[in-house]
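Going by the numbering used here, the sequence shown opens with residue 124, and the numbers climb by one from there. Beta carbons are placed, not taken as given, at the ideal position from N, Cα and C, and that holds for glycine. As structure tokens, the structure follows; a few thoughts come after it.
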Amino acid sequence: MRSIGRAFAILCIYGATCVAWLILGAITMHRSQTQSSSLRSDVHDLWGREHIQEAPKLSFEGAPADKTTTPPPSIQPEATDIKVHLDLDQRLKGLTWYPLYDVSFDATWKYVHEGLNEDLLVTFAFPDPQGVYDNFHFLVDGEPVRAEPSNGGVTARIPVTDGQEVMIAAAYKSRGMSKWEYRPSVGASSLKDFRLEMTTNFDAVDFPESTLSPSSHEDTADGKRLVWDFTQVVSGRGIGMIMPQRIQPGELASSLSFSAPISLLFFFLVVAVLAKLRGLDIHPVNYFFIGAAFFSFHLLFAYTVDHVSVWTAFTLSSLASVAMVTAYLRLVVSSRFAFIESGIAQLLYLVGFSLAHFWQGMTGLTITILSIGTLTLLMLLTGRIRWSEVLEKVSPPRPSPAVPMGVFFPSPPAPPPERAAE
124 MRSIGRAFAI
134 LCIYGATCVA
144 WLILGAITMH
154 RSQTQSSSLR
164 SDVHDLWGRE
174 HIQEAPKLSF
184 EGAPADKTTT
194 PPPSIQPEAT
204 DIKVHLDLDQ
214 RLKGLTWYPL
224 YDVSFDATWK
234 YVHEGLNEDL
244 LVTFAFPDPQ
254 GVYDNFHFLV
264 DGEPVRAEPS
274 NGGVTARIPV
284 TDGQEVMIAA
294 AYKSRGMSKW
304 EYRPSVGASS
314 LKDFRLEMTT
324 NFDAVDFPES
334 TLSPSSHEDT
344 ADGKRLVWDF
354 TQVVSGRGIG
364 MIMPQRIQPG
374 ELASSLSFSA
384 PISLLFFFLV
394 VAVLAKLRGL
404 DIHPVNYFFI
414 GAAFFSFHLL
424 FAYTVDHVSV
434 WTAFTLSSLA
444 SVAMVTAYLR
454 LVVSSRFAFI
464 ESGIAQLLYL
474 VGFSLAHFWQ
484 GMTGLTITIL
494 SIGTLTLLML
504 LTGRIRWSEV
514 LEKVSPPRPS
524 PAVPMGVFFP
534 SPPAPPPERA
544 AE
């Protein structure tokens with residue numbers, strides 16, 4: 124009964140620690156989401172939003188002289204040559220990293236007019252109507268277009284004749300966040316003599332959904348060089364780049380808290396089995412302090428990760444928790460148990476398991492490996508234990524004190540002493 128009572132007390136301590144972790148994870152997630160929603164608009168105002176650059180819209184104004192045909196309202200250029208450079212500049216605000224970037228855009232489009240004399244309208248729309256565009260140039264046949272931006276773009280009116288070749292150029296430097304994309308057309312269209320060259324200062328390239336993959340790519344001294352080169356292709360997809368994402372401190376801290384009960388469960392199992400095999404007296408109160416030391420790792424990490432780097436916060440939290448458990452078990456059990464058995468188990472189940480969260484998709488595999496490894500270890504350690512004797516063993520009853528026989532069977536009275544002879 125004493126062993127069952129201790130096991131129940133340890134189970135209650137484990138459950139209370141799990142509840143504390145769930146509360147900490149929920150608080151950290153709420154902090155992260157609240158700060159992210161409030162700071163995102165500030166980052167947009169300071170730096171910009173996602174850039175989706177559209178090709179210039181070419182359309183005609185006026186009707187043909189014979190009044191018999193209607194020219195198409197929108198056409199595609201005969202050739203496109205674009206150069207884009209993306210310079211990543213990630214910034215930390217609160218518990219969230221924002222993938223910001225500087226973009227240099229320089230493009231030239233060629234249009235060849237066929238048909239009657241018309242007024243060609245060239246409308247160039249900015250990727251972000253509220254963005255800031257430094258050193259902006261909009262040229263038609265090498266001449267700057269004198270038009271004030273309105274409705275998020277600029278429009279040029281060009282008289283064209285049959286067979287006339289028109290060169291349209293635009294260039295600017297701006298800032299954006301998360302993603303850059305170029306859309307040649309709204310729907311499916313034919314792209315002729317199309318070339319887009321993109322250079323980056325980062326290696327981790329990723330493309331948005333429903334976009335074209337590059338024709339070629341190569342490494343550069345700073346990052347990547349990617350080229351989309353098509354002689355003639357029909358497609359409604361765009362071309363883009365997703366900025367690399369850093370580990371989000373808020374998401375990582377909440378994820379560590381939510382999965383922490385797994386590491387503590389493995390640690391408690393190993394310590395309990397070793398204590399049983401070696402006859403160590405580890406009281407439930409000792410388990411309480413061990414659980415609190417495990418909890419301190421996640422508590423310290425959650426409130427330091429927004430002040431220092433993720434790796435610095437992780438190192439400080441690991442050193443603090445391991446030092447607390449090792450120093451405590453050295454006093455409770457022994458130095459050997461604290462530094463070897465307990466130390467290795469904590470490094471494996473707490474530090475190693477938490478470290479797996481830094482790589483996406485590795486948490487499940489780590490849990491699987493730790494589960495199988497722990498099960499194998501427990502099977503080897505307890506293989507010679509006779510569980511029927513351990514679980515069914517009942518302490519012998521205490522012997523009752525001996526009851527004097529005279530209580531139930533009184534002794535006959537002693538004979539009177541003989542009188543002395545007179």
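> When burial is assigned at 16 or more other CB atoms within 10 Å of the CB, is residue 284 buried or exposed?
Replying inline: exposed
> What is the DSSP secondary structure of residue 126, reduced to helix, strand or coil?
Replying inline: helix
> In this structure, does DSSP put residue 337 in helix, strand or coil?
Replying inline: coil
>> Pairs of beta-carbons, one from the segment 332-340 and one from the segment 274-284, closer than 8 angstroms: are there three or more?
In response: no
> Which value, in whole angstroms, describes the spacing of the CA atoms of residue 231 and residue 182?
Replying inline: 17 angstroms
>> For residue 213, list the residues DSSP reports as bridge partners.
In response: 222
> How is residue 176 classed by DSSP in three states: helix, strand or coil?
Replying inline: strand
> Counting Cβ pairs, one atom from each stretch, are 3 or more of them under 8 angstroms apart for the segment 350-359 and the segment 314-323?
Replying inline: yes
>> Could you tell me the alpha carbon to alpha carbon distance between residue 188 and residue 198, rounded to whole angstroms?
In response: Its pLDDT being 46, under 50, residue 188 is placed unreliably by the model, and the measurement read from it follows with that caveat. Cα to Cα, residue 188 sits roughly 20 angstroms from residue 198.
>> Three Cβ pairs or more, each shorter than 8 angstroms: is that satisfied between the segment 268-275 and the segment 198-216?
In response: no
>> DSSP has residue 298 in a bridge; who is on the other side?
In response: 225
> Are the beta-carbon atoms belonging to residue 310 and residue 175 less than 9 angstroms from one another?
Replying inline: no
> Under a Cβ-count criterion, where at least 16 other Cβ atoms within 10 Å of its own Cβ denotes burial, should residue 126 be classed as buried or exposed?
Replying inline: exposed
>> Quick check on DSSP: helix, strand or coil for residue 369?
In response: coil
> With a CB to CB cut of under 7 angstroms and the five nearest residues on each side skipped, what residues in its chain are close to residue 422?
Replying inline: 147
> Since residue 321 is in the alpha helix (DSSP H), which residue starts that stretch and which ends it?
Replying inline: Here residue 321 belongs to no alpha helix (DSSP H); instead the beta strand (DSSP E) covers 312-323.
>> Taking 9 angstroms as the threshold (C-beta atoms), are residue 229 and residue 555 in contact?
In response: The displayed coordinates of the chain run from 124 to 545. Any statement about residue 555 would go beyond what the structure contains.
> With C-beta atoms as the reference, is residue 206 less than 9 angstroms away from residue 304?
Replying inline: no
> First and last residue of the beta strand (DSSP E) that includes residue 355?
Replying inline: 347-358
> Counting Cβ pairs, one atom from each stretch, are 3 or more of them under 8 angstroms apart for the segment 231-250 and the segment 393-400?
Replying inline: no
>> With DSSP as the reference, identify every bridge partner of residue 278, one or two as the case may be.
In response: 246
> Over what stretch of residues does the beta strand (DSSP E) that includes residue 330 continue unbroken?
Replying inline: Here residue 330 belongs to no beta strand (DSSP E), and DSSP marks it neither H nor E.
> Thinking C-beta only, is residue 379 closer than 9 angstroms to residue 477?
Replying inline: yes
>> Just list the residues that DSSP pairs residue 205 with in beta bridges.
In response: 230 and 319
>> Could you check whether the segment 429-440 touches the segment 452-464, counting it as contact only if at least three pairs of C-beta atoms, one from each stretch, sit closer than 8 angstroms?
In response: no
>> I'd like the span of the alpha helix (DSSP H) that includes residue 412, first residue to last.
In response: 407-427
> Quick one: is residue 190 buried, meaning 16 or more other Cβ sit within 10 Å of its Cβ, or exposed?
Replying inline: Because residue 190 carries a pLDDT of 47, less than 50, the predicted location of this residue cannot be relied on, and the following value inherits that uncertainty. Classification of residue 190: exposed, given that the 10 Å Cβ count is below 16.
> Which residue comes first and which comes last in the beta strand (DSSP E) that contains residue 262?
Replying inline: 257-263
> Rounded to a whole number of angstroms, what is the C-alpha to C-alpha distance between residue 252 and residue 449?
Replying inline: 59 angstroms
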